[in-house]
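Position one of the sequence shown corresponds to residue 119 (the numbering used here), numbered consecutively onward. Here the structure comes first, spelled out in structure tokens, and everything after it is commentary.
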Amino acid sequence: MYYEIRRYQSRPGRREEWVRFMEDVGIPFQDSLGMGVTASFVDTQDEDGYVWMRRFEDEVQSEGLYAAVYQHDRWKNEIGPVVHDLLIPEKTVVTRVVPTPASPLR
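Pasting the structure below:
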């Protein structure tokens with residue numbers, strides 16, 4: 119099992135709009151397809167920073183979920199274009215982490 123920690127940079131001054139979009143559309147859409155969104159955060163030291171986490175059981179599951187989400191017509195036609203409008207894609211950082219043995223996230 120592992121987590122993805124995803125750090126995004128919203129376009130200047132658009133973080134609130136991004137958070138609303140994620141909470142109202144992005145996260146529910148991914149959850150509806152089985153993508154386990156664990157947490158969502160705003161960065162208190164960066165007014166345009168946003169961080170969220172997803173949990174995967176293994177590589178096979180993550181590949182299937184990635185395909186289900188990112189190949190979905192709704193993602194391609196509706197959600198993806200909004201994501202690219204609200205974020206600076208080249209500043210995205212994705213880190214894959216595994217909880218330590220005593221971690222509560224295990």
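Glycine included, each C-beta is placed from N, C-alpha and C at the ideal position.
Need the endpoints of the beta strand (DSSP E) that Ser180 sits in, please. In the sequence shown, residue 180 corresponds to position 62, counting from 1. That residue, Ser180, is in no beta strand (DSSP E); its alpha helix (DSSP H) goes Glu177 to Tyr188.
When burial is assigned at 16 or more other CB atoms within 10 Å of the CB, is Gln148 buried or exposed? Residue mapping note: residue 148 aligns to position 30 of the sequence shown, counting from 1. Gln148 is buried by the Cβ-count criterion.
When you compare only the Cα positions, how much space is there between Leu237 and Leu183? Residue 237 lies beyond the residue range present for the chain, which begins at 119 and ends at 224; the question has no answer from this structure.
With a CB to CB cut of under 6 Å and the five nearest residues on each side skipped, what residues in its chain are close to Tyr188? Looking up residue 188 in the sequence shown gives position 70. Result list for Tyr188: empty, nothing under 6 Å.
Can you check the segment 192 to 216 for any beta strand (DSSP E) of at least 3 residues that lies completely inside it and give the ranges in chain order? Complete beta strand (DSSP E) runs here, min 3: 211 to 215.
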